[in-house]
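Okay, so here's the structure we're looking at.
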Amino acid sequence: MEDRALPLRLVYSDELGQLKVVQTADGAQLGTAAVAATWGQPDKQQCIDCVQLGSAGGIADTATAALAVARCSGIIELRSPLTGDVLGTIPSAGSPAGNGTKQAADAGRVRGLHLLWGEGESAGGLPGVLSVTQGGAARVHVPVPAAAAADGQQEQQQQQQQHAAWEERRAWQVPAEVCCTAYDPASGRLAVGCLGAELRLFDVASGELAFAFKGGKPNMVGLVDRPWNTAIAFLPPASPSSSSGGGGGDGGAAPGSRLLVGTGYAKVRMYDAEAGKRPQMELTWGDARITCLALEPDGQRCWVGNSKGQLEVLDLRTRKFNGAIKGLAGSARGLAAHSELPVLASVGLDRYLRLHDRHTRQLLAKVYLKTLPTGVAFCPTDASMLPPLPEVKAADKRREKERRRRRSEAAAAAGDSEDDEDEELLGSGAEEEEAEEQEEQQQRQRQRNKRSKQRSDGKRSKRRAAAGDSD
Numbered sequence: 002m003e004d005r006a007l008p009l010r011l012v013y014s015d016e017l018g019q020l021k022v023v024q025t026a027d028g029a030q031l032g033t034a035a036v037a038a039t040w041g042q043p044d045k046q047q048c049i050d051c052v053q054l055g056s057a058g059g060i061a062d063t064a065t066a067a068l069a070v071a072r073c074s075g076i077i078e079l080r081s082p083l084t085g086d087v088l089g090t091i092p093s094a095g096s097p098a099g100n101g102t103k104q105a106a107d108a109g110r111v112r113g114l115h116l117l118w119g120e121g122e123s124a125g126g127l128p129g130v131l132s133v134t135q136g137g138a139a140r141v142h143v144p145v146p147a148a149a150a151a152d153g154q155q156e157q158q159q160q161q162q163q164h165a166a167w168e169e170r171r172a173w174q175v176p177a178e179v180c181c182t183a184y185d186p187a188s189g190r191l192a193v194g195c196l197g198a199e200l201r202l203f204d205v206a207s208g209e210l211a212f213a214f215k216g217g218k219p220n221m222v223g224l225v226d227r228p229w230n231t232a233i234a235f236l237p238p239a240s241p242s243s244s245s246g247g248g249g250g251d252g253g254a255a256p257g258s259r260l261l262v263g264t265g266y267a268k269v270r271m272y273d274a275e276a277g278k279r280p281q282m283e284l285t286w287g288d289a290r291i292t293c294l295a296l297e298p299d300g301q302r303c304w305v306g307n308s309k310g311q312l313e314v315l316d317l318r319t320r321k322f323n324g325a326i327k328g329l330a331g332s333a334r335g336l337a338a339h340s341e342l343p344v345l346a347s348v349g350l351d352r353y354l355r356l357h358d359r360h361t362r363q364l365l366a367k368v369y370l371k372t373l374p375t376g377v378a379f380c381p382t383d384a385s386m387l388p389p390l391p392e393v394k395a396a397d398k399r400r401e402k403e404r405r406r407r408r409s410e411a412a413a414a415a416g417d418s419e420d421d422e423d424e425e426l427l428g429s430g431a432e433e434e435e436a437e438e439q440e441e442q443q444q445r446q447r448q449r450n451k452r453s454k455q456r457s458d459g460k461r462s463k464r465r466a467a468a469g470d471s472d
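When the letters of the sequence shown are read in order and numbered with this note's numbering, they come out as residues 2 to 472.
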């Protein structure tokens, strides 16, 4: 089992409130991807808006792996990505004035969800949860240790040991109409993209505004697009050896200052807080709204998807799009890049989960999941998730060895008989060739005799004609 590569495991969320687990047999057989488990019952009222999956030690750490799920009601669940068990529940942020209206309900839906490792004291190794609603309410919840819980909470924990108590550590307000967010663990900054407000950075530790960006420059008639940021991804700091084309700033950039942003106007922008408020790069890609971004682990390339199902990779060093993936039918709903393997996962409105090789863009696997997706994420795996190999008994091994021996003997005997037949065929073929050669020689001799006879006849006729003229 040690020689087998670890399997790939993904979690797929849908609009019916279900979580589906897709897993491969092992890392070398990606074509075996299939649905391994389904968590939850189909219920449109429990639609999943977004998911976030991670662990403290990366893709190989299954001990601290956690899955955060945000429902359309604003409730956030923390689950185990290995078993699907609920580890805790965070209540919704509540509705503002005008409770009961659709606008108030939409304002309470979560548009940004992130896991905070090392945030305060830990209860059972669970991370803190950072959430941002569409109405602009940003909150940080942390698990409460069992010793700090009240007596009534302790009794409830005894009844439901898998659930943890949560408390709200911080809360602040960001601009309304939130469309997307991104969190950078290295700097502790939260990027918020909205409809009607420009991109902003907030310090999660204090909740204060850290930086406010500006949009693109006005066009030739002085008009500027209304702010509409729909996808955000933090970029790693530019290395001192990076070129000016891929860096967008000097080599000493601090973490959390460089971002890649997709807009609803089919534009991709690169921002650098240390270089200025305006975008350092602006590219127009396609003619549809950018829906998702997936940065590769090395930070040199980023995959971009839009509402028409187009997927293409942007090389941040050359600032050019240089490789598209075809096959999606409908809007791209989610992208995820594996942190160790060159594998890209994508989901769209055609209800397929696809795995592609990021280098060759070759399709590795395609799984039909029946429901409309809302997100996808790679799950940490270990050797215990490998399916057992079929056991082969000693008697079966002996029978298989005997069958191989018989096949080899039969093949050898068939080879000898074929050699004899080949010799006979060669002998008969040589005789036929000799006969054909003699026939050709005779034919050429007849043709020469015919031509010589024709020449002699011609000479005799000429002599007779000359004799008649002299008479």
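Virtual Cβ for every residue (Gly too), placed ideally from N, Cα, C.
None of these values were measured; they are calculated from a predicted model.
Under 8 Å, do residue i and residue j count as touching if we go by C-beta distance?
| i | j | result |
| --- | --- | --- |
| residue 230 | residue 181 | yes |
| residue 45 | residue 20 | no |
| residue 228 | residue 275 | no |
| residue 366 | residue 337 | no |
| residue 89 | residue 167 | yes |
| residue 208 | residue 173 | yes |
| residue 112 | residue 51 | yes |
| residue 342 | residue 320 | no |
| residue 65 | residue 75 | no |
| residue 23 | residue 354 | yes |
| residue 143 | residue 82 | no |
Which residue's Cα is closest to the Cα of residue i: the options?
| i | options | result |
| --- | --- | --- |
| residue 345 | 31, 239, 27 | 31 |
| residue 67 | 14, 6, 129 | 129 |
| residue 171 | 188, 200, 178, 132 | 132 |
| residue 126 | 63, 115, 187 | 63 |
| residue 79 | 53, 37, 95 | 53 |
| residue 69 | 386, 380, 461, 414 | 380 |
| residue 266 | 286, 57, 105 | 286 |
| residue 374 | 264, 297, 351 | 351 |
| residue 55 | 340, 444, 76, 306 | 340 |
| residue 288 | 333, 92, 354, 307 | 307 |
| residue 219 | 213, 176, 279 | 279 |
| residue 145 | 191, 175, 91, 95 | 91 |
| residue 211 | 296, 190, 271 | 190 |
| residue 333 | 368, 322, 290 | 290 |
| residue 302 | 273, 360, 281, 331 | 360 |
| residue 372 | 25, 36, 26 | 36 |
Run through DSSP, which three-state label would residue i get?
| i | result |
| --- | --- |
| residue 53 | strand |
| residue 221 | coil |
| residue 231 | strand |
| residue 31 | helix |
| residue 16 | coil |
| residue 273 | strand |
| residue 99 | A caution first: residue 99 carries a pLDDT of 46, below 50, which makes its placement in the model too unreliable to give a value. |
| residue 169 | strand |
| residue 458 | helix |
| residue 463 | helix |
| residue 108 | helix |
| residue 359 | coil |
| residue 385 | helix |
I need the straight-line Cα distance from residue i to residue j, nearest angstrom please.
| i | j | result |
| --- | --- | --- |
| residue 446 | residue 434 | 19 Å |
| residue 205 | residue 256 | 14 Å |
| residue 299 | residue 260 | 15 Å |
| residue 328 | residue 234 | 24 Å |
| residue 455 | residue 442 | 20 Å |
| residue 186 | residue 399 | 58 Å |
| residue 388 | residue 224 | 60 Å |
| residue 61 | residue 215 | 39 Å |
| residue 317 | residue 404 | 58 Å |
| residue 436 | residue 453 | 26 Å |
| residue 440 | residue 401 | 58 Å |
| residue 459 | residue 467 | 13 Å |
| residue 38 | residue 370 | 12 Å |
| residue 73 | residue 108 | 10 Å |
| residue 237 | residue 356 | 25 Å |
| residue 363 | residue 105 | 44 Å |
| residue 412 | residue 304 | 53 Å |
| residue 193 | residue 183 | 7 Å |
| residue 114 | residue 134 | 9 Å |
| residue 6 | residue 331 | 33 Å |
Mind reading off the beta-carbon distance from residue i to residue j? Whole number of angstroms is fine, and I expect it under 8 Å.
| i | j | result |
| --- | --- | --- |
| residue 312 | residue 347 | 6 Å |
| residue 382 | residue 10 | 5 Å |
| residue 315 | residue 269 | 6 Å |
| residue 28 | residue 8 | 6 Å |
| residue 195 | residue 178 | 5 Å |
| residue 310 | residue 349 | 6 Å |
| residue 137 | residue 87 | Residue 137 to residue 87, Cβ: 28 Å. No contact. |
| residue 93 | residue 376 | Actually they do not touch by this definition, with Cβ atoms about 19 Å apart. |
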